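In order, the protein sequence lines correspond to chains A and B. Per the working numbering, residue 152 is the first one in the first sequence, and the count goes up by one each step. Per the working numbering, residue 23 is the first one in the second sequence, and the count goes up by one each step. We put the beta carbon where it would ideally sit given N, CA and C, even for glycine. Every value quoted in this text rests on a predicted model; they were computed, and no experiment measured them. Read the structure below first, then the notes.
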Amino acid sequence: MNFWQRQQLMFSGDEGTKLYEMVALIAGVGGLGTHIALELQRVGVKKLYLVDYDRITEGNLNRQVLYGVDDIGASKVQRARKMLEGFSLGTEIVAVDQVLTINTELPDDIDIIFDGLDNIQARFILEELACQKGYPLIHGAINSWYGQITTILPGNSLGFKAIYGKYQNEEKYREEIPAFSPVVSLVSSIEVIEEVKVFLDRGGLLVNRLLLVDADDYSLNILKLD
Amino acid sequence: MDVRVKLNLGLEHYLNDKNRYKTVQVEDNTTIRKLIKRTGIPLEDVCIIMVNGKYQKEDYRLKPDDIVSLFPPIGGG
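Below you can see the structure in the form of structure tokens.
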């Protein structure tokens with residue numbers, strides 16, 4: 152099967168081969184995570200780990216694009232796996248129905264990790280797990296019309312401390328966050344673009360830089376972190 | 023001196039105003055920390071400070087015509 156003809160026009164043969172051998176883990180299969188999974192499958196990656204412990208609710212359906220009304224109450228990762236497998240595009244999908252904790256053992260065959268999480272505390276745990284294994288982490292987050300993206304390379308990045316330092320143990324910001332699909336889609340697409348650039352060792356990465364997206368006034372700003 | 027301030031993600035509600043763009047009068051060399059206190063926005067609600075498109079900390083000293091953008095934490099997914 153080769154459905155990548157159009158994509159191959161923009162990558163060298165070696166780059167294409169690399170992409171189709173990629174193994175990624177998506178932590179959190181909600182708004183960002185479902186969009187990221189769809190994009191990665193179209194890019195043609197070899198294997199996707201989907202990690203989430205949550206069940207689908209009606210309130211998820213405005214932005215979590217792998218689920219429908221009939222899925223309410225079901226496991227997110229199991230429904231996401233089934234939906235993605237239904238496209239028969241060749242990517243192996245592994246559903247991991249569990250909470251990420253500091254004791255979670257990440258698989259050994261991962262090339263890159265995506266942050267699709269919905270709270271700051273869990274992101275610090277994910278960063279710790281990624282650093283332990285030496286995996287690059289692509290961070291994305293949204294709120295209303297806004298989003299942000301950065302890349303954390305183990306041993307070479309300031310990480311979440313530089314962005315969220317004073318909120319690491321703050322519960323206040325776990326309350327319901329305004330979210331709608333177009334902004335989620337925008338931010339998750341940039342996460343996937345960044346991931347491809349990291350994986351193919353292209354320049355202009357968001358390492359130690361935070362891309363701030365404001366869809367309200369159409370501004371994009373890259374902030375150098377320090 | 024005048025400083026232009028853009029308030030993001032609901033921070034404008036602390037000022038009981040829907041207008042996200044403010045002009046605030048401050049003394050020369052005032053820090054961002056003092057500016058935030060003057061607006062009445064809780065300091066703990068400001069996560070990211072951008073001045074003229076660059077990331078800055080609370081102790082940045084303001085200059086005339088600076089454009090300041092304030093964000094609470096962006097943490098949803």
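Here K227(A) is near D203(A), since their CB atoms are less than 8 Å apart. Using a CB distance cut-off of 8 Å, Y218(A) does not count as an interface residue toward chain B. Straight-line measurement puts the Cα of L84(B) at about 47 Å from the Cα of I207(A).
Q249(A) carries a coil assignment under DSSP once its states are collapsed to helix, strand and coil. Using a Cβ-Cβ cut-off of 8 Å, K375(A) is close to K76, Y77 of chain B, given in chain order. The three-state secondary structure of V68(B), taken from DSSP, is coil. Neighbours of P95(B) in chain A, taken as residues at a C-beta separation under 7 Å, are given in chain order as I271, Y315, Y318, Y324. I300(A) and G98(B) have their C-alpha atoms spaced approximately 12 Å apart. With a threshold of 8 Å between beta carbons, G99(B) makes contact with chain A. Contact between L268(A) and G179(A) holds: their C-beta atoms lie close to 4 Å from each other, under 8 Å. Approximately 6 Å separates the beta-carbon atoms of G291(A) and S339(A); this is inside 8 Å, confirming the contact. Interface flag for N41(B) against chain A is unset, since no Cβ pair is found closer than 8 Å. Judged by beta-carbon spacing, I54(B) lies within the 8 Å limit of I71(B), meaning their Cβ atoms are closer than that value. I264(A) sits close to P287(A), with the two beta carbons spaced by under 8 Å. Around Y200(A), the same chain offers V174, A175, L176, I177, V245, V247, P258, I261 as residues with beta carbons nearer than 8 Å, after the five sequence neighbours per side are excluded. When rounded, the separation of the alpha-carbon atoms in D50(B) and D24(B) is 9 Å.
It is roughly 44 Å from the alpha-carbon of L160(A) to the alpha-carbon of E326(A).
In the DSSP assignment, A175(A) falls within the unbroken beta strand (DSSP E) covering 174-178. Taking C-beta atoms as the reference points, Y36(B) and I63(B) count as a pair closer than 8 Å. Contact of S295(A) with chain B by beta-carbon distance below 7 Å involves L31. Straight-line measurement puts the Cα of L304(A) at about 15 Å from the Cα of D377(A). In the DSSP annotation of this structure, R42(B) is not part of any beta strand (DSSP E), being labelled neither H nor E. With fewer than 16 other CB atoms across the displayed protein chains lying within 10 angstroms of its CB, Q319(A) is exposed. Of the candidates G298(A), T255(A), L309(A), the residue whose Cα lies closest to the Cα of K284(A) is T255(A). Secondary structure note for I289(A): its beta strand (DSSP E) is the uninterrupted segment 288-294.
Interface criterion met: the Cβ of Q299(A) is under 8 Å from a Cβ in chain B.
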